[in-house]
Amino acid sequence: DSGVTQTPKHLITATGQRVTLRCSPRSGDLSVYWYQQSLDQGLQFLIQYYNGEERAKGNILERFSAQQFPDLHSELNLSSLELGDSALYFCASSPPADTGELFFGEGSRLTVL
Amino acid sequence: AQSVTQLDSHVSVSEGTPVLLRCNYSSSYSPSLFWYVQHPNKGLQLLLKYTSAATLVKGINGFEAEFKKSETSFHLTKPSAHMSDAAEYFCVVSKGGKLIFGQGTELSVKP
Numbered sequence: 003d004s005g006v007t008q009t010p011k012h013l014i015t016a017t018g019q020r021v022t023l024r025c026s027p028r029s030g031d032l033s034v035y036w037y038q039q040s041l042d043q044g045l046q047f048l049i050q051y052y053n054g055e056e057r058a059k060g061n062i063l064e065r066f067s068a069q070q071f072p073d074l075h076s077e078l079n080l081s082s083l084e085l086g087d088s089a090l091y092f093c094a095s096s097p098p099a100d101t102g103e104l105f106f107g108e109g110s111r112l113t114v115l
Numbered sequence: 056a057q058s059v060t061q062l063d064s065h066v067s068v069s070e071g072t073p074v075l076l077r078c079n080y081s082s083s084y085s086p087s088l089f090w091y092v093q094h095p096n097k098g099l100q101l102l103l104k105y106t107s108a109a110t111l112v113k114g115i116n117g118f119e120a121e122f123k124k125s126e127t128s129f130h131l132t133k134p135s136a137h138m139s140d141a142a143e144y145f146c147v148v149s150k151g152g153k154l155i156f157g158q159g160t161e162l163s164v165k166p
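Quick note, the sequences are listed as chains A and B, same order. Heads up: the first sequence runs through residues 3 to 115, numbered per the working numbering. Heads up: the second sequence runs through residues 56 to 166, numbered per the working numbering.
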């Protein structure tokens with residue numbers, strides 16, 4: 003158990019809909035990262051937050067947004083969903099000392115029908 | 056720009072035989088390199104990391120990797136495969152605090 007909690011574990015929805023994925027980082031970790039894993043694109047970095055502020059942005063679509071709240075949990079919002087958004091979405095956190103190690107949650111599997 | 060290339064998308068070994076998962080990196084400076092493992096339906100877990108100390112890095116579960124600057128390689132090895140090693144393995148380079156993942160190598164272990 004990495005200490006990173008993601009909900010929901012599975013989500014099935016329809017095209018055009020909007021969903022929110024939630025992540026609670028390990029206790030004491032200030033950074034939260036979101037990754038998307040799909041068969042064709044592999045593991046893609048989406049976005050990073052550090053202590054409530056956006057720190058780095060990767061291949062995140064404009065239809066997607068994220069935020070980190072004062073209690074350090076994070077939410078990834080996916081809107082106007084398309085079939086191609088079906089993927090496993092991982093959240094990871096890292097400690098304040100930059101060791102480069104990320105601790106991953108077990109992911110939220112999104113299926114868009 | 057930093058990137059990693061995993062040379063095999065799938066590797067199959069027999070239990071008890073050595074494992075070799077190959078990774079080449081490109082980086083404009085001395086990189087931080089990692090290997091992560093993902094078991095089915097699980098999140099990723101750090102196996103080991105190289106951060107410019109010893110070039111031979113030992114990780115968990117008997118895995119190790121050797122940083123070879125002349126070959127720009129960071130191959131992952133294990134002397135004797137176990138059934139529980141069956142998983143997907145990712146070679147990763149750190150860039151600006153974010154991790155860039157290779158495409159992954161799926162390791163199968165036959166009894």
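For each residue, glycine too, the CB sits at the ideal point set by N, CA and C.
In the DSSP annotation of this structure, K97/B is not part of any beta strand (DSSP E), being labelled neither H nor E.
At a beta-carbon threshold of 7 angstroms, the residues of chain B lying near G109/A are G98, ordered along the chain. With its beta carbon at least 8 angstroms from every one in chain A, L131/B lies outside the interface.
For L23/A, the enclosing beta strand (DSSP E) has its first and last residue at 21-26. With contacts defined as CB atoms closer than 8 angstroms, L131/B and A120/B qualify as a contacting pair. If you look at N79/B, you'll find it in the beta strand (DSSP E) that goes 78-81.
The region 21-33 of chain A makes contact with the region 78-86 of chain A, as at least three CB pairs between them are under 8 angstroms. Using a CB distance cut-off of 8 angstroms, K113/B does not count as an interface residue toward chain A. Chain A has a Cβ within less than 8 angstroms of the Cβ of K153/B.
Shown here, L154/B sits in a strand according to DSSP, grouped into three states.
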